[in-house]
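In our numbering, the protein residues as written are 4 to 352.
Note that CB positions come from ideal geometry on N, CA and C, so glycine has one too.
Below is one structure, written out as structure tokens; comments come after it.
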């Protein structure tokens, strides 16, 4: 749980607890509101909290068949993209298969799994055994495969995103604090062009290189806290864990073998090599050997690059910018400050 916030009646004191992302050291306390931030001095935190809670109750009461119909429509479109890609990926490397497979992966995460794991459908969907945040894609590899199969373990993503991210938005303990996670890149003594090249690599690989290992770290951390297991003194829990840290043995939470066996391996093997197997049989029947199978594999890998870039542009950029707010102190969940941070912690495209 977050520590209690400052008394919301003292707006200027509350304003002094946060700073722009581009500001100086977070240890410095602001004594003057920055230009454009004057609104915070008269902001009514208590009234805002009451309005948000009232709106939430109103929208929750209005949930019903229309929401289920919307979910089914998203599933239909997602499955159509999957069918388009899967049924064409054996006929050479082609943009139709790549785009279809990419959109399937993207929509399955951002339009179906994200909303379901936040509990968006559990009070209105008749199938409580599946469309509940406590059951969707959880428990077994079979559930993960059928509900939401991606690089990230759903259990780990639920902890990292639903809990750590949303309850620590734009704080140093926010695992999705892009500014902090890429601090090494800003200070790297290399030409600017090379930094852009590195960002390009991250765009095409961030889900397996960063997101899957780091969400799994957050799951391990949550279990350690729940079991009362002390965190090693030389470990900073807020530091991101990437594929490189695991490979080089610099990860204190789990081994590289565990990352491969539990998190990355099942998706890598099933998605890229087992799923295209029917094309091996089709190729043998048509007398072209394994050509169609390897065409399918190539399309799957290219679609992976595209869906990573798509996800990066849609998600990472929504949490980055030199005008983004940073918060030095935590706030009380479901308070006025808490709700305001949910608004301030994403960019306005």
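Three-way DSSP call (helix, strand, coil) for residue i in this model
i           : result
residue 152 : coil
residue 328 : strand
residue 353 : Any property of residue 353 remains undetermined from this structure, which presents the chain solely from 4 to 352.
residue 76  : helix
residue 183 : helix
residue 56  : helix
residue 189 : helix
residue 31  : Low per-residue confidence applies at residue 31: pLDDT is 35, beneath 50, and the placement is therefore not dependable, though the value from the model is reported in the following sentence. Residue 31: coil per DSSP, three-state reduction.
residue 172 : coil
residue 167 : helix
residue 337 : coil
residue 94  : coil
Residue i versus the options, residue with shortest Cα-Cα distance
i           : options            : result
residue 188 : 202, 180, 319, 179 : 202
residue 234 : 221, 245, 246      : 221
residue 52  : 338, 345, 344, 346 : 338
residue 247 : 78, 175, 258, 237  : 258
residue 73  : 289, 58, 128       : 128
residue 164 : 117, 125, 193      : 117
residue 160 : 130, 299, 218      : 218
residue 153 : 270, 292, 254, 207 : 270
residue 56  : 343, 347, 134      : 343
residue 112 : 89, 155, 125, 323  : 155
residue 293 : 41, 94, 206, 39    : 94
residue 65  : 54, 76, 166, 124   : 124
Residue i burial status per 10 Å Cβ neighbour count (16 or more: buried)
i           : result
residue 183 : buried
residue 209 : buried
residue 260 : exposed
residue 60  : exposed
residue 92  : buried
residue 329 : buried
residue 35  : exposed
residue 346 : exposed
residue 307 : buried
residue 211 : buried
residue 115 : buried
Rounded straight-line distance, which links the Cα of residue j to that of residue i
i           : j           : result
residue 250 : residue 70  : 43 Å
residue 50  : residue 43  : 13 Å
residue 21  : residue 199 : Its pLDDT being 41, under 50, residue 21 is placed unreliably by the model, and nothing is read from it.
residue 137 : residue 120 : 8 Å
residue 102 : residue 300 : 14 Å
residue 267 : residue 291 : 32 Å
residue 298 : residue 96  : 6 Å
residue 139 : residue 192 : 45 Å
residue 310 : residue 47  : 41 Å
residue 283 : residue 86  : 18 Å
residue 305 : residue 314 : 14 Å
Neighbour flag for residue i against chain E, beta carbons, 8 Å
i          : result
residue 43 : Among the protein chains of the structure shown there is no chain E, as only one such chain exists.
**Q.** contact_flag[the segment 172–181, the segment 318–328] where n(CB pairs < 8 Å) is 3 or more
**A.** yes
Q) Are at least three pairs of beta-carbons, each pair with one atom in the segment 273–284 and one in the segment 224–239, less than 8 Å apart? A) no
Q. Any chance the segment 74–88 sits against the segment 98–118, with 3 or more Cβ pairs inside 8 Å?
A. yes
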